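Undergrad: Numbering of the sequence shown is given in the working numbering, commencing with residue 46 and proceeding in unit increments.
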Amino acid sequence: MTARNVQDPWLKRHALDRIAIEGVDPEIDGGRFPAKITLPESFVVEADIFSDGHDPLDAALLYRPQGARRWQQTPMRLFDNDRWRGRIRFEAVGPHEFTLVGWRDLFAGWRRDTGRKREAGQSVAVDLAEGHDLLRRTHDESDRATAADKTRLRALLAELGETPAEGDLLAVLMSDELAALMARCGLRGHPTTYEKVLIVEVERVRAAFGAWYELMPRSQSGDPARHGTFDDVIERLPYVQSLGFDVLYFPPIHPIGRKNRKGRNNSLTPAPDDPGSPYAIGAAEGGHDAIHPELGSFKDFHRLVTAAKRHGLEIALDFAIQCAPDHPWIKQHPEWFDWRPDGTIKYAENPPKKYEDIVNVHFYGGAFPELWYALRDVVLFWIGHGVSIFRVDNPHTKPLPFWEWMIADVRRQHPEAIFLSEAFTRPKMMKRLAKAGFTQSYSYFTWRNTKRELTEYLTELTREECRHYMRPNFFANTPDINPRYLQTSGRPGFQTRLFLAATLGASYGLYNGFELCEAEPMPGKEEYLNSEKYEIRAWDWEQPGHIRADIAFVNALRQANPALQRLTGLEFYNVWNDSILYYGKRTDDLSNFLLFAVNLDPVNPQAGHFEVPLWEFGLPDEASIAVEDLVTGERFAWNGKIQHMHIDPQQRPYMAWRLIGAAR
Numbered sequence: 046m047t048a049r050n051v052q053d054p055w056l057k058r059h060a061l062d063r064i065a066i067e068g069v070d071p072e073i074d075g076g077r078f079p080a081k082i083t084l085p086e087s088f089v090v091e092a093d094i095f096s097d098g099h100d101p102l103d104a105a106l107l108y109r110p111q112g113a114r115r116w117q118q119t120p121m122r123l124f125d126n127d128r129w130r131g132r133i134r135f136e137a138v139g140p141h142e143f144t145l146v147g148w149r150d151l152f153a154g155w156r157r158d159t160g161r162k163r164e165a166g167q168s169v170a171v172d173l174a175e176g177h178d179l180l181r182r183t184h185d186e187s188d189r190a191t192a193a194d195k196t197r198l199r200a201l202l203a204e205l206g207e208t209p210a211e212g213d214l215l216a217v218l219m220s221d222e223l224a225a226l227m228a229r230c231g232l233r234g235h236p237t238t239y240e241k242v243l244i245v246e247v248e249r250v251r252a253a254f255g256a257w258y259e260l261m262p263r264s265q266s267g268d269p270a271r272h273g274t275f276d277d278v279i280e281r282l283p284y285v286q287s288l289g290f291d292v293l294y295f296p297p298i299h300p301i302g303r304k305n306r307k308g309r310n311n312s313l314t315p316a317p318d319d320p321g322s323p324y325a326i327g328a329a330e331g332g333h334d335a336i337h338p339e340l341g342s343f344k345d346f347h348r349l350v351t352a353a354k355r356h357g358l359e360i361a362l363d364f365a366i367q368c369a370p371d372h373p374w375i376k377q378h379p380e381w382f383d384w385r386p387d388g389t390i391k392y393a394e395n396p397p398k399k400y401e402d403i404v405n406v407h408f409y410g411g412a413f414p415e416l417w418y419a420l421r422d423v424v425l426f427w428i429g430h431g432v433s434i435f436r437v438d439n440p441h442t443k444p445l446p447f448w449e450w451m452i453a454d455v456r457r458q459h460p461e462a463i464f465l466s467e468a469f470t471r472p473k474m475m476k477r478l479a480k481a482g483f484t485q486s487y488s489y490f491t492w493r494n495t496k497r498e499l500t501e502y503l504t505e506l507t508r509e510e511c512r513h514y515m516r517p518n519f520f521a522n523t524p525d526i527n528p529r530y531l532q533t534s535g536r537p538g539f540q541t542r543l544f545l546a547a548t549l550g551a552s553y554g555l556y557n558g559f560e561l562c563e564a565e566p567m568p569g570k571e572e573y574l575n576s577e578k579y580e581i582r583a584w585d586w587e588q589p590g591h592i593r594a595d596i597a598f599v600n601a602l603r604q605a606n607p608a609l610q611r612l613t614g615l616e617f618y619n620v621w622n623d624s625i626l627y628y629g630k631r632t633d634d635l636s637n638f639l640l641f642a643v644n645l646d647p648v649n650p651q652a653g654h655f656e657v658p659l660w661e662f663g664l665p666d667e668a669s670i671a672v673e674d675l676v677t678g679e680r681f682a683w684n685g686k687i688q689h690m691h692i693d694p695q696q697r698p699y700m701a702w703r704l705i706g707a708a709r
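Set out below in structure tokens:
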């Protein structure tokens with residue numbers, strides 16, 4: 046380049062960048078949002094890396110905790126047509142930065158070309174001189190050589206001397222030892238760093254794997270005439286633990302408003318003793334940072350949190366940004382609400398639905414930014430009381446910038462915090478909330494029932510870009526949702542939906558009553574009759590027909606098999622029956638390879654031939670493979686690729702196997 050050309054800013058910046066780095070995955074919206082990973086997982090990054098000419102290339106991933114100065118490095122490997130892949134193992138939770146660097150491997154190129162010339166019988170004297178010079182330059186200039194590497198390079202140069210014989214030079218320069226040494230610390234030709242520094246959120250295991258159980262504390266007394274307490278919930282902990290759950294989640298536990306209180310079945314005319322909806326937050330006793338007096342005190346709550354930990358459970362709380370008409374904020378901060386011309390606040394509604402017992406806050410105008418800080422401080426308040434998991438009610442009706450700021454600000458102080466988005470809304474909004482910071486997301490699983498629906502939806506969640514940032518939590522039911530499938534399918538339907546949720550997803554949840562096959566609906570609606578949202582219930586946990594054994598079985602299965610502890614690793618396989626869903630979950634190294642079959646017809650037995658995926662193990666179609674029936678414990682072998690299954694939903698609508706490997 047001439048002096049005149051060097052003054053060109055673009056040339057000064059890019060003229061030496063001969064390595065193309067494209068198609069980086071993951072790179073969410075051009076790097077606008079972070080990817081997500083949990084601490085034990087390998088973070089896999091892929092990219093197209095290539096250059097002009099024929100010189101061999103090499104590449105690496107650079108990574109560091111966000112805010113750190115020093116980069117760490119891990120190699121990338123070419124695996125397909127200019128496509129490279131690398132893996133990072135992080136050491137701590139929190140946001141991390143990563144980028145990529147590619148370069149011409151000068152020594153590898155020299156060694157390859159010199160070897161080819163020797164094989165062709167050509168003179169390599171000049172080439173050896175070039176190699177000797179490259180060795181000296183590496184010793185003098187390499188900034189990647191460790192002290193031990195420098196010592197070895199210096200020893201090799203001393204061994205060769207200033208004018209080595211051709212044979213000695215050839216022996217040293219073409220040795221495998223030097224090839225390995227130069228791979229570690231050799232000079233890089235035209236090193237090119239990717240133009241962006243990308244972010245990955247590293248989170249704890251529970252962020253991606255867990256079984257949630259939802260209950261309303263006020264219904265735990267066993268007597269519909271007595272309001273339950275935190276001590277009553279403590280008595281229920283051994284039961285929840287026996288089912289194998291990890292997270293115990295409560296709807297709001299705050300004081301409930303009295304103005305416009307709802308009666309049973311959402312009635313507008315409550316009886317004097319009706320407790321109201323826990324989502325009507327706020328009364329004279331306090332708001333979002335207070336506890337409903339009938340549940341107990343903060344001392345009682347702390348005792349519950351401690352007891353839950355002893356039973357292997359984390360407590361999750363509902364974070365619902367809405368207020369009863371008598372919430373203290375309305376008098377203390379009237380500017381946080383939208384007032385109508387007649388001096389009233391419009392109650393919350395989603396026409397034709399109306400929520401006369403709650404009003405919404407206003408995020409802008411006179412409410413900004415004080416309301417934002419107040420809501421963040423509510424979350425920090427409960428973290429201070431031992432809670433780090435929050436299910437967030439209807440986040441899609443609040444500003445996206447608020448969530449992006451609030452979650453990031455909380456996680457800067459408490460990287461262990463987990464936020465579950467309860468947004469049953471448009472797909473792009475659900476995904477945007479996940480990008481904005483929500484750890485997990487409710488999903489459409491609740492309404493995906495057919496083989497085609499489940500296959501298409503799970504393929505989207507596990508194969509498309511959203512797998513890098515959106516973690517679905519497959520709740521099979523909620524206090525708000527009594528799915529039509531469960532209303533009509535009887536006990537087999539509950540077993541089916543349980544098994545699908547627990548084995549297709551890494552995180553799933555059940556609302557209590559599911560284990561009792563509770564499904565009585567409000568006529569014509571996907572809602573529960575006599576819903577706990579509006580009254581205190583007493584449950585008979587021993588009533589005939591419960592599926593507690595099924596729940597304990599699938600949760601034990603999830604704990605024992607790494608393949609079930611992540612969303613990916615899912616593959617749908619062929620069975621010749623559209624009423625049977627047949628799929629596998631596996632680890633990358635195939636050391637844990639599970640197969641499942643579920644009869645989606647809750648009434649009729651279904652049967653069909655199916656393919657054993659012998660090809661996944663590199664086995665021919667006629668091979669045998671050892672199998673363990675995970676339900677019965679029986680061990681046997683499948684001989685050949687085509688086998689047959691028969692599933693009677695009245696006995697058990699699911700089957701589960703572990704493939705052990707080639708039978709001997």
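We put the CB at the ideal spot given by N, CA and C, even for glycine. Please read all numbers here as calculations on a predicted model, not as lab measurements.
Pop quiz: Leu-445 and Ala-412 are said to be a contact at Cβ under 8 Å. What is the actual Cβ separation, rounded to whole angstroms?
TA: Not quite, the Cβ-Cβ distance comes to about 16 Å (not below 8 Å), so this is no contact.
Undergrad: According to DSSP, is Arg-63 helix, strand or coil?
TA: In the structure shown, Arg-63 sits in coil (DSSP, three-state: anything other than H, G, I, E or B).
Undergrad: For Ile-326, is the classification buried or exposed, using 16 other Cβ atoms within 10 angstroms of its Cβ as the cut-off for buried?
TA: Classification of Ile-326: buried, given that the 10 Å Cβ count is 16 or more.
Undergrad: Just to confirm before moving on: does the CB-CB distance between Phe-655 and Tyr-627 stay below 8 Å?
TA: Yes, these two residues count as a Cβ contact at 8 Å.
Undergrad: Assign Thr-196 to one of two classes, buried (16 or more other C-beta atoms within 10 Å of its C-beta) or exposed (fewer than that).
TA: Thr-196 comes out exposed.
Undergrad: Using three-state DSSP, classify Thr-196 as helix, strand or coil.
TA: Helix.
Undergrad: Give the C-beta separation of Ile-403 and Cys-368 to the nearest angstrom, bearing in mind that I take them to be a contact with Cβ-Cβ under 8 Å.
TA: Correct: roughly 6 Å between the Cβ atoms.
Undergrad: Provide the residue span of the alpha helix (DSSP H) that contains Arg-493, from first to last.
TA: From DSSP, Arg-493 is part of no alpha helix (DSSP H); its letter is neither H nor E.
Undergrad: Just the C-alpha distance for Lys-344 and Asp-525, rounded to the nearest angstrom, thanks.
TA: Between Lys-344 and Asp-525, the C-alpha separation is close to 30 Å.
Undergrad: In the DSSP output, what is Val-89 paired with across the bridge?
TA: Paired residues: Arg-132.
Undergrad: Buried or exposed, going by whether 16 or more other CB atoms sit within 10 Å of the CB of Met-46?
TA: With a pLDDT of only 47 at Met-46, under 50, the local geometry of the prediction cannot be trusted, and the value read off the model is given with reservation. Flag for Met-46 reads exposed.
Undergrad: Based on DSSP bridge pairs, tell me the residues matched to Lys-162.
TA: BP columns for Lys-162 are empty, so no partner.
Undergrad: What residue range is occupied by the uninterrupted alpha helix (DSSP H) comprising Tyr-418?
TA: Unbroken alpha helix (DSSP H) run through Tyr-418: 415 to 429.
Undergrad: Grab the span of the beta strand (DSSP E) containing Lys-443 for me, first residue to last.
TA: No beta strand (DSSP E) holds Lys-443; DSSP gives it neither H nor E.
Undergrad: In its own chain, which residues sit with a C-beta less than 8 Å from the C-beta of Tyr-553, not counting the 5 before and 5 after it?
TA: Cβ neighbours of Tyr-553 beyond the five flanking positions: Ala-256, Trp-257, Asn-518, Phe-519, Phe-520, Ala-521, Ala-546 and Ala-547.
Undergrad: Helix or strand or just coil, what does DSSP make of Ile-596?
TA: Three-state DSSP puts Ile-596 in a helix.
Undergrad: Per DSSP, what kind of secondary structure is Asn-745 in: helix, strand or coil?
TA: In the structure as shown, the chain begins at 46 and stops at 709. Residue 745 is therefore absent and cannot be evaluated.
Undergrad: Note down the Cα distance separating Gln-117 from Leu-243, rounded to an integer number of angstroms.
TA: Whole-angstrom Cα-Cα distance: 14 Å.
Undergrad: For a test of the three-state rule: what should DSSP assign to Met-261, helix, strand or coil?
TA: Coil.
Undergrad: Given a cut-off of 8 Å, decide if Ile-73 and Val-247 are closer than it, judged by their beta-carbon atoms.
TA: Cβ distance not < 8 Å, so Val-247 and Ile-73 don't count as in contact.
Undergrad: In chain order, what residues of the same chain lie with their CB nearer than 7 Å to the CB of Glu-560, ignoring the 5 residues before and after it?
TA: Here the set comprises His-591, Ile-592, Arg-593 and Ile-596.
Undergrad: Would DSSP call Ile-298 helix, strand or coil?
TA: Looking at Ile-298 - three-state DSSP - the assignment turns out to be coil, as it is neither helix nor strand.
Undergrad: Name the DSSP bridge partner or partners of His-689?
TA: Per DSSP, His-654.
Undergrad: According to DSSP, is Gln-167 part of a helix, a strand, or is it coil?
TA: It is coil, neither helix nor strand.
Undergrad: Please state if the CB of Ser-264 and the CB of Arg-508 are separated by a distance shorter than 8 Å.
TA: Result no, Cβ atoms of Arg-508 and Ser-264 do not sit closer than 8 Å.
Undergrad: DSSP three-state label for Asp-277, please.
TA: If DSSP states are grouped into helix, strand and coil, Asp-277 belongs with the helices.
Undergrad: Assign Phe-447 to buried or exposed, taking buried as 16 or more other Cβ atoms, counted over all protein chains shown, within 10 Å of its Cβ.
TA: Buried is the call here.
Undergrad: Between the Cα of Phe-275 and the Cα atoms of Asn-311, Leu-349 and Arg-249, which residue gives the shortest distance?
TA: When only C-alpha atoms are compared, the closest one is Leu-349.
Undergrad: Quick check: Pro-647 and Pro-694, are their CB atoms within less than 8 Å of each other?
TA: A contact, by the Cβ cut-off of 8 Å.
Undergrad: Please report how far the alpha carbon of Asp-213 lies from the alpha carbon of Ala-153, in whole angstroms.
TA: Between Asp-213 and Ala-153, the C-alpha separation is close to 19 Å.
Undergrad: Once DSSP output is grouped into helix, strand and coil, what is the label at Asn-311?
TA: Note: Asn-311 maps to helix in three-state DSSP.
Undergrad: Tell me Phe-681's beta-bridge partners as DSSP assigns them.
TA: Paired residue(s): Val-672.
Undergrad: If Met-567 and Asn-310 are in contact, beta carbons under 8 Å, what's the gap, nearest whole angstrom?
TA: Met-567 to Asn-310, Cβ: 7 Å. Contact.
Undergrad: What alpha helix (DSSP H) runs, 4 residues minimum, are completely inside the segment 569 to 623?
TA: If we require 4 residues or more, the alpha helix (DSSP H) runs fully inside the segment 569 to 623 come out as 593 to 605.
Undergrad: Exposed or buried, Tyr-239, counting other C-beta atoms within 10 Å across all chains shown (16 or more means buried)?
TA: Its Cβ being crowded by 16 or more others within 10 Å, Tyr-239 is buried.
Undergrad: What residue range is occupied by the uninterrupted alpha helix (DSSP H) comprising Arg-229?
TA: First-last of the alpha helix (DSSP H) with Arg-229: 221 to 230.
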